[in-house]
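Novice:
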Ligand code: ARG
């Protein structure tokens with residue numbers, strides 16, 4: 114509500130100037146670094162430039178205007194070009210805390226996406242290959258963005274665009290027919306399929322004609338060769354099991370699993386449209402679209418008629434526009450595909466559709482281990498499911514050591530382990546690389562998911578068996594610095610969520626929650642909460658309760674479970 118108040122001052126002052134001076138200005142409202150100067154500060158520099166009047170005159174006008182607004186402001190002081198306001202902290206704070214307690218998990222809800230549709234394309238693993246660390250990042254970031262968008266009232270549609278089509282399936286079919294065995298594959302699909310894939314490449318080094326065979330096999334698939342399609346379907350089902358295991362563990366779901374193959378019969382129409390708009394150019398038998406001097410052309414059809422990754426994405430974006438009527442489409446995909454999405458956007462633009470600007474590549478960086486790219490490629494197949502289980506087992510050990518009598522230890526360990534992995538990722542702005550370190554991530558102190566869960570549990574135990582009576586709130590207490598600090602943070606929740614939705618950045622929420630938890634722990638280190646004085650106790654409890662509401666809801670938006678005990 115400090116945020117609301119700032120917004121109100123901005124709007125009212127802008128209107129005032131418009132009505133009285135007939136000039137449109139944009140007012141900046143900020144919080145002074147040093148709170149002894151005031152709670153809110155309105156600098157007049159930019160207005161002076163526009164109105165071309167002496168500074169003291171402008172400042173005096175602003176003071177008069179603000180006085181006339183009937184806002185919870187108790188004092189106004191001016192310093193040079195700054196109009197500094199002291200707010201009625203007691204009144205304001207009480208409203209904020211009561212509002213939070215009343216709304217509970219609805220607190221922070223925003224309306225900025227009301228009536229708008231956002232389509233999110235995330236996770237999207239490649240069938241017959243192991244679920245990579247990059248896909249895990251995409252899964253966690255995408256899931257959190259979906260929850261954030263929903264909280265901002267957007268209609269969301271989550272798509273797992275499986276990499277289930279392309280020349281690599283031609284390779285797989287050739288390899289399977291030459292060296293494969295169904296029973297062996299069923300026993301451990303991804304590992305066995307990976308072995309076949311690796312073998313294909315080893316053999317193709319010696320015998321390059323295998324590559325031609327693979328291309329031909331894929332072409333046959335595109336022509337709906339029943340034997341190949343049957344085999345493909347089976348490989349798809351078997352490999353999807355590994356991804357589903359991970360989704361089940363993380364409790365993540367999708368509205369659609371329509372992958373690349375789904376667009377097999379939808380590409381011709383797009384290619385025809387490119388043709389009719391004279392955008393397709395023949396290039397050594399292949400068909401390309403020139404996209405300008407700054408980026409390489411897009412290869413739309415191979416010389417053998419085979420389609421490409423971008424051809425399928427192009428068909429998909431039109432299908433989705435039509436099907437989901439998106440106002441935004443987010444592709445949560447690694448930095449290394451930057452060019453691909455620049456090309457996709459440019460293609461749509463060249464075709465004359467202005468929804469090109471609704472296409473957003475929500476890019477992210479790599480996972481590093483010891484400063485080097487963590488890889489799941491080639492022979493060293495690290496199963497991510499095993500990595501997640503390792504985090505969970507370590508969490509179990511630590512719970513066993515700290516709190517052996519806890520009920521539901523297994524369930525709690527699961528949620529702590531997941532919180533560690535998810536938070537380690539989401540606390541960083543997504544385009545940055547992340548140092549992957551399970552032991553660090555699992556610590557109960559420091560910037561970790563378990564630390565936030567632990568703070569919430571701590572508050573839960575403070576609130577346990579306490580009767581909170583909101584009739585006994587002593588608003589005056591909120592004027593004290595460590596109280597007001599917390600109230601201010603609670604009041605920022607909605608703005609933080611909106612910022613995260615605008616920047617497609619769960620890290621905005623993650624960082625905010627770390628601040629909130631640190632502020633609460635600081636508060637708790639100087640203030641006993643369950644004191645005997647009725648007013649103080651209830652005020653403290655109400656504050657603690659609102660902090661927990663925000664913490665829990667913030668964790669939920671990141672895809673992390675809050676706990677009552679741990
Ligand atoms: N399957 C792709 C990969 O693993 C990611 C797909 C991303 N989404 C998209 N619409 N291209 O590289």
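Numbering (the working numbering), first residue to last: 114 to 679. The C-beta atom is built at its ideal place from N, Cα and C for all residues, glycine as well. As the structure is a computational prediction, the values presented were derived from the model and not from experiment.
For residue 465 versus residue 501, is the C-beta spacing smaller than 8 Å?
Specialist: no
Novice: Hey, how far is the Cα of residue 132 from the Cα of residue 160?
Specialist: 15 Å
Novice: Rounded to whole angstroms, what is the Cα-Cα separation between residue 143 and residue 195?
Specialist: The alpha-carbon separation between residue 143 and residue 195 amounts to approximately 10 Å.
Novice: Quick one, what's near the ligand ARG if you take every residue whose CB is closer than 6 Å to any heavy atom, in chain order?
Specialist: 234, 237, 239, 274, 276, 426, 444 and 446
Novice: Note down, in chain order, each residue of its chain lying with its Cβ closer than 7 Å to the Cβ of residue 332, except the 5 sequence neighbours on either side.
Specialist: 417, 418 and 419
Novice: Just to confirm my understanding: we take residue 367, look at its own chain, exclude 5 residues before and 5 after, and list those with CB closer than 7 Å. What are they?
Specialist: 271, 272 and 273.
Novice: Of the residues 230, 603, 262 and 341, which one's Cα is nearest the Cα of residue 287?
Specialist: Taking only the C-alpha atoms, the option nearest residue 287 is 341.
Novice: What does the alpha-carbon distance come out to for the pair residue 642 and residue 652?
Specialist: The alpha-carbon separation between residue 642 and residue 652 amounts to approximately 9 Å.
Novice: Only counting the same chain, and skipping five residues up and downstream in sequence, which positions put a Cβ closer than 7 Å to that of residue 67?
Specialist: In the structure as shown, the chain begins at 114 and stops at 679. Residue 67 is therefore absent and cannot be evaluated.
Novice: Tell me, to the nearest whole angstrom, how far the beta carbon of residue 310 is from that of residue 285; I am working on the premise that it is less than 8 Å.
Specialist: 6 Å
Novice: Terminal residues of the continuous beta strand (DSSP E) containing residue 188?
Specialist: 186-192
Novice: With burial defined as no fewer than 16 other Cβ atoms inside 10 Å of the residue's Cβ, what is the status of residue 175: buried or exposed?
Specialist: buried
Novice: According to DSSP, is residue 644 helix, strand or coil?
Specialist: coil
Novice: For the alpha helix (DSSP H) that residue 258 lies in, which residues bound it at each end?
Specialist: Residues 246-264.
Novice: Kindly list the residues whose CB is nearer than 7 Å to the CB of residue 171, restricted to its own chain and excluding five residues on each side of it in sequence; keep chain order.
Specialist: 157, 160, 161 and 164
Novice: Residue 187 and residue 118 look like a contact to me (Cβ under 8 Å); what is the Cβ gap, rounded to whole Å?
Specialist: Rounded, the Cβ-Cβ distance is 12 Å, inconsistent with contact.
Novice: Quick one: using the 10 Å Cβ neighbour count with 16 as the cut-off for buried, is residue 659 buried or exposed?
Specialist: Flag for residue 659 reads buried.
Novice: Classify residue 489: buried if its beta carbon has 16 or more other beta carbons within 10 angstroms, exposed otherwise.
Specialist: Below a pLDDT of 50, predicted positions are generally treated as unreliable, and residue 489, at 49, falls in that range; the measurement from the model is reported next regardless. Counting Cβ neighbours within 10 Å, residue 489 comes out buried, since at least 16 surround it.
Novice: So what does DSSP say about residue 307, is it helix, strand or coil?
Specialist: Residue state, collapsed to three classes: helix.
Novice: Does DSSP classify residue 327 as helix, strand or coil?
Specialist: helix
Novice: Are the region 290-301 and the region 248-257 in contact at 8 Å, needing three or more beta carbon pairs?
Specialist: no
Novice: So who's on the other strand from residue 396, going by DSSP bridges?
Specialist: In DSSP, residue 396 forms a bridge with 399.
Novice: Does the pairing of the region 423-437 with the region 377-397 give three or more beta-carbon distances under 8 Å?
Specialist: yes
Novice: Buried or exposed: residue 408, going by 16 or more other Cβ atoms within 10 Å of its Cβ?
Specialist: Exposed is the call here.
Novice: Where residue 670 and residue 656 are concerned, what is the direct C-alpha to C-alpha distance, given to the nearest angstrom?
Specialist: Roughly 21 Å between the two C-alpha positions.
Novice: Tell me the rounded alpha-carbon separation between residue 244 and residue 304.
Specialist: 11 Å
Novice: Just confirm the distance between the C-beta atoms of residue 480 and residue 535, as a whole number of angstroms; I'd bet it's less than 8 Å.
Specialist: In fact, because the Cβ distance is near 13 Å, the residues do not count as touching under 8 Å.
Novice: Can you give the Cα-Cα distance for residue 125 and residue 586, rounded to whole angstroms?
Specialist: Taking the straight line from one Cα to the other gives about 31 Å.
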